Amino acid sequence: MRHLGVRLLDVGPGTCELALPYSDKVTQQQGGFHGGAMGALADIAGGYAALTVAPDGMEVTTVEYKINFLAAMRQGELRAIGRVVRAGKRIIVTTATVVHHGEDGRQTDCALMQQTLV
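Just so you know, the sequence shown maps onto residues 640 to 757 in our numbering.
What follows is the structure in structure tokens.
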């Protein structure tokens, strides 16, 4: 997380919001945000959201996630909001929405992720 420059913006019961600024660490050959960076951001946001509802001392690990990329973006920053959909005794299901925040103030949905953690 630190290597990519991810910042924690907000955390609450069942939610987590993170930001990832545009940099050469997270771009692909055409200059846009790399899909792997978007996936990592969504995975981290969902994982942190899951930790907010997990029993004290429990760690969580992603066992599966699916992501749909909706738009390729450059510059600005990406923000991911992770939300817990269902928390069971052993399995937690989350979603995350990745939104691009442009330098002009425009916001564009970039990716949707669903995740299962144990």
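Every residue gets a Cβ at the ideal spot worked out from N, C-alpha and C, and that includes glycine.
Computed from a predicted model, the values in this text were never measured in an experiment.
How long is the line joining the alpha carbons of residue i and residue j, rounded to whole angstroms?
i       : j       : result
Tyr-704 : Ile-731 : 12 Å
Gln-667 : His-673 : 5 Å
Lys-682 : Thr-700 : Contrary to the premise, residue 682 reads as Asp rather than Lys in this sequence. Going from the Cα of Asp-682 to the Cα of Thr-700 covers about 10 Å.
Between residue i and the rest of its own chain, which residues show a CB-CB distance below 6 Å, the 5 nearest in sequence each way excluded?
i       : result
Pro-694 : none
Ala-735 : Ala-681, Ala-684, Gly-685, Ala-719, Gly-721 and Met-752
Could you tell me which residues DSSP puts in a beta bridge with residue i?
i       : result
Pro-660 : Glu-716
Val-723 : Thr-733
His-641 : One detail in the question is off: residue 641 reads as Arg in this sequence, not His. Its beta-bridge partners do not exist; DSSP assigns none.
Gln-753 : Lys-705 and Thr-734
Arg-646 : Ala-658
Restricting to Cα atoms, I'd like to know which of the options is closest to residue i.
i       : options                               : result
Gly-685 : Asp-663, Asp-748 and Arg-725          : Arg-725
Thr-691 : Ile-706, Gly-715, Cys-655 and Arg-745 : Cys-655
Met-712 : Thr-747, Leu-756 and Gln-754          : Thr-747
Glu-742 : Thr-736, Gln-714 and Leu-680          : Gln-714
What whole-angstrom Cβ distance do residue i and residue j have, given they're in contact under 8 Å?
i       : j       : result
Val-738 : Arg-718 : 5 Å
Ala-658 : Arg-641 : Contact doesn't hold; Cβ gap of about 13 Å is too wide.
Keeping to the same chain, check which residues put their C-beta closer than 7 Å to that of residue i; ignore five residues upstream and five downstream.
i       : result
Tyr-687 : Val-650, Cys-655 and Gly-721
Glu-716 : Ala-658, Leu-659, Pro-660, Tyr-661 and His-740
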